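S.K.: Line order of the protein sequences matches chains A and B. Be aware that the first sequence starts at 228, since it is given in this note's numbering, and climbs by one per residue. Be aware that the second sequence starts at 5, since it is given in this note's numbering, and climbs by one per residue. Virtual Cβ for every residue (Gly too), placed ideally from N, Cα, C. The structure presented is a predicted model; accordingly, all values stated were derived computationally and were not measured.
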Amino acid sequence: MYILEVTRGKKMLLTGSILIFGFMALAVFAPFIAPYDPDDVKVEKRLLPPGEHHLMGTDGFGRDIFSRVVFGTRYSLFLALVVVSINLLLGLMVGSIAGYFGGLIDELIMRIVDILLAFPNIILALCIVGVLGPSIQNLILALVALGWVGYTRVSRGLVLSIKEQGFIGAAKALGGSNMYIIMRHIIPNAFPPLLVLATLHVSHTILSIAALSFLGLGVQAPTPEWGAMLSEGKQFIFTHPHVMIFPGVAITLSVLSFNLLGEGLRDVLDPRAREVLNV
Amino acid sequence: MKRLLIQRLVSAVFVMLIASFLSFSLLFSAPGNPAETILRQQSGLDPTYDEIELFMKRHDLNRPFLVQCLQWLYLLTHGKLGVSLRTGEPVLEEFTARFGATFQLAVAAMALSVIIGLPIGVFAATKPNSLFDHIIRVVSLAGVSIPEFWLGLMLMLCFSLALGWLPCFGHGTVRHLVLPMITLAVGITASLMRFVRTSMLEVLNLDYIKTAKAKGLREVVIVWKHALKNALIPVVTILGTQLGHLLAGAVIVETVFSWPGIGKFFVDSIYARDYPVIQGFVLIIAAIYVLVNLLVDILYVYLDPRVRYEGRS
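Right under this line is the structure:
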């Protein structure tokens, strides 16, 4: 039974990795893959259905949708990875400090985390972007504002179990400073399970970015970001549905690939860490 | 139990205090002078220096930040959340007038998720690693991967435009409810399914289930009566956290389907920079969220006597 469990995990891991690799390749080699300039407006070619010259048709401004979808990977993947990395590093640092030192610092940090975890994060993100004005910086800020707390809680749990292990005691006995122990021993050991969390979080973040951009509160319209493309194409949904279909498929596939990878990683992770992640 | 309750209540009060502080400072974090922004909103023209001064004096905007903050808190305790800049109605009334529509949508979506997600989750757990289990796992992963707004539009395209079965906009009849309900339910159903499966698998490995099997009870009775009872306890907590999903989803789904609930009004207020509404709605939504989580915590202890609450472990 256990063997089955592992192979199943690996199948998801493999599918997810291949898909992500594909998206990464699209992002990196976008100028070579896209047949047209994604911002090239050609009024005479507007709203063409998918066909020989335009694989996914053209949008309301006559721009090639396939090229825009390809360039869109850059925005969605890059933004999501930036947001998740900031959250991960921030959460890991704060969580390690809380878990390692314990006592009053721990109590204080975890109280704040508990309070922040009680907030509905999309609502707050909407507010931040809505009040500060829509821009890429504010989008990142809004998604970081509450994003780090999840990592803090999980890394604290991991650190609590790591610091009881023998090698930490050994490092202390050898005279390692607190900072040294956190950086060299605690964080490297807490990292792998957090990576699983981060992978799953990338998919959430792609969805949030797309949703905010769709509402016109994230990446702004002429930019070939998938959510923004859907926002622009909304008016043509009943007359020219092809404008709406492909960017949505791209979002779903990219989110799915990170979900597959995260699930796959979770399956092959050691059970002790899995337990912490499930909290 | 008592200690837990007090601890939870205290932290709920704290959350609300911080929420009101945050929602208050939102206005100050906006670029530009809030008085200027509001005046421009109201008249559509650039206000003069005198007008700004007058407005600031009338609304006590030139007092120190902390004083204003306390004032806002004082008004809050009297249930005054200010007046919408767009409609001129009190924010609280705007909220209560629209809450019914959102509540209707949320309850319908939640009910649909439970009806579909629960049996499938249980069934998948009784046959772990079967073909059915694998399919369900992939389907639920796909379910949480589809963006809600896009799913809503695609359903509209399919059932309203192509098949003509259901109306795509509006509110009123049951037929109007179907598409937004399904859109909102897909993500929740997917995560509920997986959660029920995990929880059920854990319970099915416990000793009392083995005893029940040894006693010769039928599988159906063991699974659906004995095991489900215990497996459902953690599911209750998930329903609490799903409320956040539901609210966030409602914002998007309501906007897509023009559903006249709080979500749509909230997004419209953000577009119009209707600050009193944004502030007030964040606060009310946070309050509802905190309250539901508190209730879930209490319910959890009530349902599961094994739960020991000694702070965090």
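Please go through the same chain and pick out, in chain order, the residues whose beta-carbon is closer than 8 Å to the beta-carbon of threonine 130 of chain B, but skip the five residues on each side of it.
M.R.: Closer than 8 Å at the Cβ level, and outside the excluded window around threonine 130 of chain B, lie Met204, Leu208, Glu223, Val227.
S.K.: Could you check what DSSP says for proline 361 of chain A in three-state terms: helix, strand or coil?
M.R.: Three-state result, proline 361 of chain A: coil.
S.K.: For the alpha helix (DSSP H) containing threonine 130 of chain B, list its first residue and its last residue.
M.R.: Looking at the DSSP string, the run of the alpha helix (DSSP H) that includes threonine 130 of chain B is 95 to 130.
S.K.: Is there contact between the stretch 345 to 363 of chain A and the stretch 453 to 473 of chain A, where contact requires at least three CB pairs shorter than 8 Å?
M.R.: Not touching, per the Cβ criterion.
S.K.: Along chain A, which residues have their Cβ under 9 Å away from the Cβ of tyrosine 293 of chain B?
M.R.: Ala345, Phe346, Pro347, Ile350, listed in chain order.
S.K.: For glutamate 193 of chain B, write down the residues that DSSP places opposite it in a beta bridge.
M.R.: In the sequence as presented, glutamate is not what sits at residue 193 of chain B; that position holds threonine. Partner(s): none; threonine 193 of chain B has no beta bridge.
S.K.: So with CB distances below 9 Å, who are the chain A contacts of leucine 197 of chain B?
M.R.: It is worth fixing the name first, because residue 197 of chain B is methionine in this sequence and not leucine. Ordered by position in chain A, no residue passes the 9 Å Cβ test against methionine 197 of chain B, which lies about 14 Å from the chain.
S.K.: So who's on the other strand from aspartate 291 of chain A, going by DSSP bridges?
M.R.: Answer by DSSP bridge pairing, in chain order: A/Thr285.
S.K.: Which residues, in chain order, does the stretch 452 to 471 of chain A contribute to contact with chain B at a C-beta distance below 7 Å?
M.R.: Cβ contacts with chain B come from Leu457, Ile464, Phe465, Pro468, Met471.
S.K.: Suppose contacts are defined by Cβ-Cβ distances below 8 Å. Is isoleucine 192 of chain B in contact with serine 117 of chain B by that definition?
M.R.: Yes, the Cβ-Cβ distance between isoleucine 192 of chain B and serine 117 of chain B is below 8 Å.
S.K.: Where glycine 278 of chain A and serine 481 of chain A are concerned, what is the direct C-alpha to C-alpha distance, given to the nearest angstrom?
M.R.: Distance between the alpha carbons of glycine 278 of chain A and serine 481 of chain A is about 24 Å.
S.K.: Could you check whether the Cβ of glutamate 490 of chain A sits closer than 8 Å to any Cβ belonging to chain B?
M.R.: Yes - at least one Cβ of chain B is within 8 Å of the one on glutamate 490 of chain A.
S.K.: Do you know offhand how far phenylalanine 69 of chain B's Cα is from proline 262 of chain A's?
M.R.: Rounded to whole angstroms, phenylalanine 69 of chain B to proline 262 of chain A spans 55 Å at the Cα level.
S.K.: For serine 273 of chain B, which residues of its own chain have a beta-carbon under 8 Å away from its beta-carbon, when the five flanking residues on both sides are left out?
M.R.: Taken in chain order, the residues that qualify are Ser88, Arg90, Val281, Ile282, Phe285.
S.K.: Can you tell me which of A/Phe288, A/Ala325, A/Met239, A/Leu422 puts its alpha carbon nearest to the alpha carbon of proline 587 of chain A?
M.R.: Outside the modelled stretch of chain A, which goes from 228 to 506, sits residue 587 of chain A, for which no answer is possible.
S.K.: For isoleucine 266 of chain B, collect the residues of the same chain with a Cβ closer than 7 Å to its Cβ; drop the 5 residues on either side in sequence, then sort them by chain order.
M.R.: So the list reads Phe99, Arg102, Phe103, Thr106, Phe285, once near-sequence residues are dropped.
S.K.: Whether or not the stretch 298 to 310 of chain B and the stretch 137 to 153 of chain B are in contact is what I'm after, with contact meaning three or more pairs of Cβ atoms, one per stretch, closer than 8 Å; do they touch?
M.R.: Cβ pair count under 8 Å is below three, so no.
S.K.: Using DSSP with H/G/I as helix, E/B as strand and the rest coil, what is glutamate 279 of chain A?
M.R.: Three-state DSSP puts glutamate 279 of chain A in coil, outside helix and strand.
S.K.: Quick check: what's the CA-CA separation for methionine 471 of chain A versus glycine 460 of chain A?
M.R.: Straight-line Cα distance between these residues: approximately 6 Å.
S.K.: Go ahead and pull the three-state DSSP assignment for isoleucine 332 of chain A.
M.R.: Isoleucine 332 of chain A: helix per DSSP, three-state reduction.
S.K.: Which residues in chain A sit within 7 Å of alanine 252 of chain B, going by Cβ to Cβ distance?
M.R.: Within chain A, the residues near alanine 252 of chain B are Pro347, Ile349, Ile350.
S.K.: For tryptophan 263 of chain B and tyrosine 293 of chain B, I'd like the C-alpha separation in whole angstroms.
M.R.: Distance between the alpha carbons of tryptophan 263 of chain B and tyrosine 293 of chain B: 21 Å.
S.K.: Please report the residue range of the alpha helix (DSSP H) in which threonine 479 of chain A lies.
M.R.: It spans 469 to 495 - the alpha helix (DSSP H) in which threonine 479 of chain A sits, taken as one unbroken run.
S.K.: How long is the line joining the alpha carbons of threonine 41 of chain B and glycine 357 of chain A, rounded to whole angstroms?
M.R.: Distance between the alpha carbons of threonine 41 of chain B and glycine 357 of chain A is about 14 Å.
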